[in-house]
Amino acid sequence: MTGRDDIILEMLSESGVVLNKRGLEINLQREEADISYSTLQRRLPKLEDAGLIEEVVEQGAWYAITEEGEAYLEGEADLRDTDDPDGS
10 MTGRDDIILE MLSESGVVLN KRGLEINLQR EEADISYSTL QRRLPKLEDA
60 GLIEEVVEQG AWYAITEEGE AYLEGEADLR DTDDPDGS
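Add 9 to the 1-based position in the sequence shown for the working numbering, that's all there is to it.
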């Protein structure tokens with residue numbers, strides 16, 4: 010996992026809402042996080058594959074954090090070494 014993944018997970022966790030990619034992008038910009046839409050397009054599938062987020066609406070791809078994602082944020086799971094080295 011990457012530092013940007015942590016920011017994405019924190020946004021979903023702290024907001025407690027389900028967001029699509031555009032909603033995430035807008036809210037991350039409002040928080041002055043340096044995460045582009047293209048980064049979200051790359052990272053969300055990886056977070057989903059890792060079980061940290063889930064797609065809750067198939068049309069339009071809306072995402073929510075999972076219990077495993079919450080555990081990761083709380084330091085109960087370390088997944089940093091499971092990602093590719095370039096963080097993409």
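Using N, Cα and C, we set each Cβ at its ideal position, and we do this for glycine too.
Computed from a prediction, not measured in an experiment: that's the story for all the values here.
Under a three-way DSSP split, which group does I35 fall into?
In the sequence shown, counting from the first residue as 1, residue 35 sits at position 26. Three-state DSSP puts I35 in a helix.
Please go through the same chain and pick out, in chain order, the residues whose beta-carbon is closer than 6 Å to the beta-carbon of L33, but skip the five residues on each side of it.
Here the question's residue 33 lines up with position 24 in the sequence shown. Non-local beta-carbon contacts of L33 in its own chain, meaning distances under 6 Å to residues more than five positions away in sequence, involve L49 in chain order.
Kindly indicate which three-state DSSP category E79 falls into: helix, strand or coil?
Walking along the sequence shown from the start, residue 79 turns up at place 70. Correct three-state label for E79: helix.
Classify L28 as helix, strand or coil using the three-state DSSP reduction.
By one-based count along the sequence shown, residue 28 stands at place 19. Strand, per DSSP.
For the stretch 34-46 against the stretch 73-90, do three or more pairs of beta-carbon atoms, one drawn from each stretch, fall closer than 8 Å, so that the two count as touching?
The stretch 34-46 vs the stretch 73-90: no contact.
Cross-strand partners of I44 (DSSP beta bridge):
Indexing the sequence shown from 1 puts residue 44 at position 35. Among the bridge pairs identified by DSSP, I44 is matched with none.
So, M10 versus L53, is the Cβ gap smaller than 9 Å?
Sequence index remark: in the sequence shown, residue 10 carries index 1 (1-based). Sequence index remark: in the sequence shown, residue 53 carries index 44 (1-based). Contact annotation: M10 and L53 have beta-carbon atoms that are not nearer than 9 Å.
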